[in-house]
Each structure stands twice: as structure tokens, then as C-alpha cells.
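At position 65 of the sequence shown (counting the first as 1) the number is 91 in this note's numbering, and the numbers step up by one without a gap.
What follows is a set of notes on a single structure, which appears directly below.
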Amino acid sequence: MKLETGKGMGMEQTIVLTESELQFYSGTGTVHAVSLGGALDPFTLDHPIRGKKVFEEALTSVGRRLNRRKGCRVLLPDSLVFAKVLSFDKIPFSLNKRDEMIKWKMEAFLPGRVGAFNVQYDISGDSVLVAAMPKSTVLELEEELALLNARCFSLIPESFYYANLFLERERGGNSVLLTNRSRHFSGLVIQNGRVSFVRFRKKIEGVSLKQELDMFSEILGEDMPDRVLLFGEKAEIEAENMGDRWLQ
């Protein structure tokens with residue numbers, strides 16, 4: 027088992043919203059971090075911004091460092107997103123029929139009508155990686171992020187972005203991508219160049235990252251890739267502490 031960190035992968039002009047701070051990666055190797063002081067609650071799905079003034083001050087601080095002639099990307103906490111890998115015997119060629127079929131399947135997994143969610147998906151073979159976020163959350167975030175006064179920005183679930191980077195660099199590769207945040211844990215499995223499994227969940231008090239990985243391995247069984255990439259808080263420390271021993 028090979029454990030690595032994904033530090034610095036393709037992070038130019040990237041803003042990462044975490045539970046505790048707003049991080050700006052300029053691409054020069056430095057990170058500008060501003061405390062959010064509880065202004066963002068990633069488990070309040072309909073209105074996650076709990077402290078509007080503090081959140082806007084953090085955005086203003088980052089905006090001063092942003093190159094506005096370029097676009098920027100904003101990585102969102104995975105806990106704001108409902109994600110699922112769906113499998114189909116046959117995926118319709120028609121875009122309208124495809125949208126209808128995917129949204130119909132997602133209806134069973136969402137805590138409300140699918141019409142109340144922004145649904146995005148990526149097709150690979152006979153499987154579809156789907157992400158759904160409440161429209162009210164998207165609207166609230168877009169209104170606040172307009173303060174950046176950037177030419178454009180895109181909203182992406184954090185672990186989805188890391189998966190896209192990995193697939194761009196290593197087509198056909200296999201890996202587990204794990205994102206460790208203070209209150210939630212995200213895991214995506216990439217096999218033969220496509221995402222085959224995704225799991226986002228709130229952390230259990232007293233459960234270490236090593237135990238999270240053990241549970242993840244038990245779920246996947248023989249499908250567990252030999253390579254693990256760690257992202258998020260204390261990734262380097264965790265990788266060094268666990269080394270190649272965590273599955274033994």
C-alpha cells in the first residue's frame with residue numbers, strides 16, 4: 027500500500043472553503059488562509075453561511091490577492107453535496123432522456139424533490155458520477171462569491187476536483203483519494219480511469235483517520251486499489267504516521 031499526499035496539485039487561483047477557514051492558493055507555493063470563525067456550517071445544507079459579515083470579510087481579504095484578469099475556482103466542502111455513482115445497462119444518447127433518467131434515479135437518494143437541487147454528472151462507460159446540491163445553497167454561495175469581483179469562477183466539490191486532476195494526469199490509473207477535514211471525511215475510488223465509488227460522511231467522534239481507512243477498506247474488499255492519495259488537513263503528518271502499515 028502506497029500512501030502519498032496531493033499537496034499543491036493544480037491549485038493555481040484556487041479558493042478552498044473549509045469548515046474553519048478560507049484558503050487561497052495563488053499557484054506560487056504560498057497559501058493565504060483566513061479564519062471563518064464558524065461563519066460557514068457545512069452541515070446546514072439549505073443556508074450554510076451562518077456569519078455573513080465574517081464570511082464577506084474573509085472574501086474581501088482573499089479578493090485583494092486574486093488576479094482578476096484570470097478566472098478562479100472555488101472548492102466546496104463535500105458535505106454540502108449529495109454524491110452517488112450510478113450504473114446503467116444502457117445510457118440514452120439523447121441529452122433530455124439522459125437527464126430525465128439520471129434525475130429519476132437520484133430522486134431515491136435525495137432528501138427532497140430533485141427539482142430543488144442543482145444536479146451535475148459525468149459519464150464514464152456505463153457508470154455516472156452524480157453530484158447534487160440544493161439550489162438555495164448554490165444561490166447563497168454565488169451571491170457572496172460575487173464580492174471577489176473575479177472575471178468568472180466555478181463551484182466544484184473539493185474531492186471531485188482532486189479526482190479530475192488525478193484523471194487528467196494518470197489516465198487509466200487506480201487510486202483511493204481521501205480528503206480529511208475536521209468534521210467530515212470523503213473518499214473516492216478510481217479504477218481503470220473512472221470513479222467507481224464515492225463516500226462522503228460526517229466524522230464519528232473518537233474515530234481516527236486510520237480507523238476510517240480501515241472501514242473504507244472493509245467496504246471495498248478486493249476492489250481496494252493499492253495506492254492512496256491523502257488531501258486536506260494534516261495530510262502530510264497522517265501519511266508519515268501511517269506509512270504502509272494501515273492495512274496490516
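Here a beta-carbon is modelled for each residue, glycine too, at the ideal position from N, C-alpha and C.
Predicted model, so just to flag it, every value in this text is computed and none were measured.
Outcome for residue i when other beta-carbon atoms lying within 10 angstroms are tallied against a minimum of 16
i    : result
D249 : exposed
L92  : buried
A142 : exposed
L255 : buried
K28  : Note on K28: pLDDT 46, under 50, position unreliable in the model; no value is reported.
F81  : buried
H210 : buried
F226 : buried
G97  : exposed
V42  : buried
L204 : buried
F223 : buried
I216 : buried
G232 : exposed
T70  : exposed
T86  : exposed
G213 : buried
E238 : buried
P118 : exposed
P137 : exposed
I245 : exposed
T54  : exposed
I128 : buried
Residue of the options minimising C-alpha distance to residue i
i    : options                   : result
I75  : D148, T44, V224 and Y51   : T44
R94  : P137, T40, T56 and G219   : T40
Q146 : D240, E196, S222 and E126 : E126
A109 : P183, H73, V202 and R195  : P183
L165 : H73, K229 and K78         : H73
S150 : S180, S243, T70 and G219  : G219
L171 : A84, Q237 and E194        : A84
A189 : F257, L106 and S105       : F257
S46  : S52, T56 and G77          : G77
V60  : F50, L181, G138 and S105  : F50
V221 : F179, L66, F192 and D252  : F192
S105 : S180, E169 and S185       : S185
T56  : M37, R99 and N200         : M37
L66  : L167, M241, S120 and L121 : L167
R99  : S52, E169, F179 and K79   : F179
L173 : S120, P251, K79 and V140  : K79
P68  : S201, G199, L48 and K236  : L48
V107 : E194, K228, E169 and M241 : K228
Boundaries (first-last residue) of the beta strand (DSSP E) holding residue i
i    : result
G258 : R253 to G258
K229 : Run containing K229: none; DSSP gives neither H nor E here.
K110 : F108 to S113
I182 : F179 to P183
L102 : C98 to L102
N122 : Looking at the DSSP string, N122 is not in any beta strand (DSSP E); the run it does join, the alpha helix (DSSP H), is L121 to M132.
S150 : F143 to S150
Continuous alpha helix (DSSP H) stretch holding residue i: start and end
i    : result
S162 : K161 to L171
G213 : Unbroken run through G213 is the beta strand (DSSP E), H210 to Q217; no alpha helix (DSSP H).
K79  : K78 to G89
I41  : Counting along the chain, I41 falls outside any alpha helix (DSSP H), though it belongs to the beta strand (DSSP E) covering T40 to L43.
Assumed close pair residue i, residue j - CB separation to whole angstroms, cut-off 8 Å
i    : j    : result
P103 : R207 : 7 Å
D152 : F114 : 6 Å
G63  : N175 : With 8 Å as the limit, G63 and N175 do not qualify as a contact, their Cβ atoms being about 23 Å apart.
N144 : K123 : About 20 Å separates the two Cβ atoms, so there is no contact after all.
Practice task
Assess, as a yes-or-no matter, whether the segment 153-172 is touched by the segment 128-135 under the definition of 3 or more beta carbon pairs within less than 8 Å.
Solution key: Counting C-beta pairs with one atom in each stretch, the segment 128-135 and the segment 153-172 have three or more that are closer than 8 Å, which means they touch.
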